[in-house]
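Asks: My questions all concern the structure below.
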Amino acid sequence: MTLPRLYEKVVLRSYSELRYKDNGRPEGYGSGSPFAMGLNGLVTKNVAQYVRSWQLVGDWRESDLEDFSRGRVPDNSMMLNIAVRAAMDRMDKLADFAWELNTKPLQTIYQGLQANLTLQALTLKFPNTRIPRPTVVIPPMSNLREFKALDIDPLCYPDDISVLLAHSKKLESVHLHWSPRMRDSGEESTNLTAYFGRCVANKQPLKLKKYSMINLYTRATNIDLDELIDVNALEEISFINCNTQDAITVFIDDTWRLFEPQKVPKYLKMMRGDVLDAKQAAVMAQLKGLEKLYIVNAKRRPTRATPNGVSPAANNNIHNAFAGIGSDGNSQSPFMPGNGPDTPMSRESATIAGDYLAAITRHLGKSLKHLLLSDQWLLGGEVLVQLGRACPHLEQLGVALEEKNPENMRQLLKHLPRLWALRILIRATTQELELMQSISGNLHEQVISFELRRKEWDGLKYLGIGDMVFLCGGVREVPGASTPKSPVDPTMGEELGVRRIVKKVDKEAVKDVEIWKMDSMDIVT
């Protein structure tokens, strides 16, 4: 029983340089590299029959690259494809295959994938070098349900995925990730027709449940989304870094503002994106039954800072977040109000925030379970309470606060009995992160454990403040922490002797918690 489970998921990683062990010997000393020996085992041993998921990642050392310019595939690249194909043909249970090497698969690999009737998920990462390579029209695959294409760059000879998309009839999930190079350089070198043209020509939009577009940079055409995808079937959709409004891309990005969607995917369950505009809020107001909304705050570049390198809002956020550390050294609430609210939002940001919050509280609140808002929207106490009342079923929440008043959070939590993961968003600069990290983890834990002793926080398991994550456990008594009972509040002394068990943890602990996991510029499934 152990051997089949051991080989169900296989990951082979190739390195471009030799890696040495502590004894000074290279990996694979006396034989071949771990990548080569693993591939050899799959071809020659009786284990390939157990493999259900196979991933090839890393840097393959291609030799004789000048052969490409002479119209020939180098021998070592050809031998790699032959060996992979030989192993693949022995995998009669293969359901998930990922090619994430820095060289492309050749025709023989695609033929093997097409012949594999058990394959349900395919991931292809295309190279980012402009070396001439053979381009393959990827054939359809009869039982394929999920397809991911990573680092698509039209100038780096990617393979043609249009036939695969148009004729793989069981596709339910498509995730397309373009190279960020095109958007960074303002280079318009692709269009949606190159990928969905056959679907449009056949008048057969894809019936997808999940769809993602990352880093797309192209001008809008008269082709509507519902001609590419049957929007009535969509359940999850992600648009990331597709409309940055940077000066170098604004002319192309603005072409999308001229088009209104003819149909709205009203039955979405999950919506994820980083674009904030009134048109998006209007679409949200027409949705029914949305359960998960993630506004991505991750950025590929640091935001602009003030001349001294730290934004005013960042300084205030730090001050308020740790205002609970009194001058006498005693730990107070980490959410104590500071000297004033954070730097107010701009008029445009406040208007967009109002449109989004109106759509959430009036149309989506009853069904929402996960909500990650923008770190640009600093919400006050009244807005937080209104949000809590409108979204009583929230289990995960990410929100930026106008002021770190503990009473505001307590009032919010009274309306969210199911909440177990909370992120307090702070727009961080490098200087702010350094300041927060300079404070010892023990001090963070002491300050937070004091506030979290209250019953409003009982259901909380994970708390995030800026870049930090805390695991919240049970309640414990602190020896010597209790004080004489107050004549005004006889229970005060007893409360002060109680603390919540709080431990600072790495982000690895919340890698599967959606309000952290979905806050990414990458494809997340």
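Here numbering that gives the first Met the number 0 is used: the first residue of the sequence shown is 0, the next is one more, and so on.
Even glycine gets a Cβ: it sits at the ideal position worked out from N, Cα and C.
Could you pull out every residue in the same chain whose Cβ sits closer than 8 angstroms to the Cβ of His392, ignoring the five residues on either side in sequence?
Replies: Lys365, Ser366, Leu367, Lys368, Arg417
Asks: Rounded to whole angstroms, how far is the Cβ of Leu421 from the Cβ of Gly463, which I believe are closer than 8 angstroms?
Replies: 7 angstroms
Asks: Less than 8 angstroms between the C-beta atoms of Asp159 and Lys124, yes or no?
Replies: no
Asks: Tell me which residue opens and which closes the alpha helix (DSSP H) that Gln410 is part of.
Replies: 405–413
Asks: Output needed for Ser13: all residues of its chain with C-beta closer than 7 angstroms, excluding positions within five of it in sequence on either side, in chain order.
Replies: Phe34, Gly57, Asp58, Trp59, Leu100
Asks: Given a cut-off of 8 angstroms, decide if Ile81 and Thr107 are closer than it, judged by their beta-carbon atoms.
Replies: yes
Asks: Quick one: what does DSSP say Gln395 is sitting in, helix, strand or coil?
Replies: In this structure, DSSP gives Gln395 an extended state, which the three-state scheme calls strand.
Asks: For Asn315, name the three-state secondary structure that DSSP assigns.
Replies: Confidence at Asn315 is low in this model, with a pLDDT of 40, below 50, so its placement is unreliable and no value can be given for it.
Asks: With distance defined between alpha-carbon atoms, name the residue in Ser167, Tyr156, Pro157, Ile130 nearest to Glu145.
Replies: Ser167
Asks: Check the C-beta distance from Val501 over to Leu451 and give it rounded, since I have them as a contact under 8 angstroms.
Replies: About 6 angstroms; that satisfies the 8 angstroms criterion.
Asks: Would DSSP call Ser310 helix, strand or coil?
Replies: Confidence at Ser310 is low in this model, with a pLDDT of 37, below 50, so its placement is unreliable and the value that follows should be read with caution. Coil.
Asks: Check each candidate in Glu381, Gln385, Ala349, Leu377 and name the one with the smallest Cα separation from Ile359.
Replies: Comparing Cα-Cα distances from Ile359 to each of Glu381, Gln385, Ala349, Leu377, the minimum goes to Gln385.
Asks: When DSSP builds the beta bridges, which residues end up paired with Gly465?
Replies: DSSP lists no partner for Gly465.
Asks: Once DSSP output is grouped into helix, strand and coil, what is the label at Phe334?
Replies: Since pLDDT at Phe334 reaches only 48, below the 50 mark, its modelled position is unreliable, and no value is offered.
Asks: Closest to Val477 by C-alpha separation, out of Lys206, Met467, Gly496, would be which residue?
Replies: Comparing Cα-Cα distances from Val477 to each of Lys206, Met467, Gly496, the minimum goes to Gly496.
Asks: Leu227 and Phe258 look like a contact to me (Cβ under 8 angstroms); what is the Cβ gap, rounded to whole Å?
Replies: At roughly 13 angstroms, the Cβ-Cβ gap does not stay under 8 angstroms, so Leu227 and Phe258 are not in contact.
Asks: Is the Cβ-Cβ distance between Lys460 and Trp515 less than 8 angstroms?
Replies: no
Asks: Here's the rule I'm using: 16 or more other beta-carbon atoms within 10 Å means buried, otherwise exposed. How should Glu444 be labelled?
Replies: Of the residues assessed, Glu444 falls on the buried side of the cut-off, its CB having 16 or more other CB atoms within 10 angstroms.
Asks: Go through the segment 195–250 residue by residue and report every complete run of the beta strand (DSSP E) that reaches 3 residues or more, in order.
Replies: Fully enclosed beta strand (DSSP E) runs of 3 or longer: 209–213, 235–239.
Asks: Could you tell me which uninterrupted alpha helix (DSSP H) segments, each at least 4 residues in length, are contained entirely in the segment 99–137, listed from first to last along the chain?
Replies: Complete alpha helix (DSSP H) runs here, min 4: 106–114.
Asks: Among the residues of its own chain, which have a CB less than 6 angstroms from the CB of Lys291, if the five just before and after it don't count?
Replies: Met269, His369
Asks: So, Glu61 versus Asn39, is the Cβ gap smaller than 8 angstroms?
Replies: no
Asks: Roughly how many angstroms lie between the CA atoms of Asp532 and Ser345, to the nearest whole one?
Replies: For residue 532 there is no data in the structure shown, the boundaries of the chain being 0 and 524.
Asks: Pick out whichever of Leu170, Ser141, Val382 has its Cα sitting closest to the Cα of Lys147.
Replies: If you compare the alpha carbons of Leu170, Ser141, Val382 with that of Lys147, the shortest gap goes to Leu170.
Asks: With the cut-off set at 8 angstroms, would you say Ala297 and Asp518 are in Cβ contact?
Replies: Against a cut-off of 8 angstroms, the Cβ pair of Asp518 and Ala297 comes out as a contact.
Asks: Under three-state DSSP, which class holds Met283?
Replies: Reduced to three states, the DSSP call for Met283 is helix.
Asks: Please work out which residues of its chain come closer than 6 angstroms, Cβ to Cβ, to Pro104, disregarding the five sequence neighbours upstream and downstream, and give them in chain order.
Replies: Trp98
Asks: Quick check: Ala94 and Leu118, are their CB atoms within less than 8 angstroms of each other?
Replies: yes
Asks: For Lys209, count neighbouring C-beta atoms within 10 Å of its own C-beta (all shown protein chains included) and say buried if the count is 16 or more, exposed if not.
Replies: In this structure Lys209 is buried. Its beta-carbon is surrounded by 16 or more other beta-carbon atoms within 10 angstroms.
Asks: Less than 8 angstroms separating the beta-carbons of Asn242 and Asp252?
Replies: Between Asn242 and Asp252, the CB-CB gap stays under 8 angstroms.
Asks: Closer than 7 angstroms by C-beta to Leu17: which residues in its own chain qualify, once you throw out the five before and the five after it? Chain order, please.
Replies: Pro25
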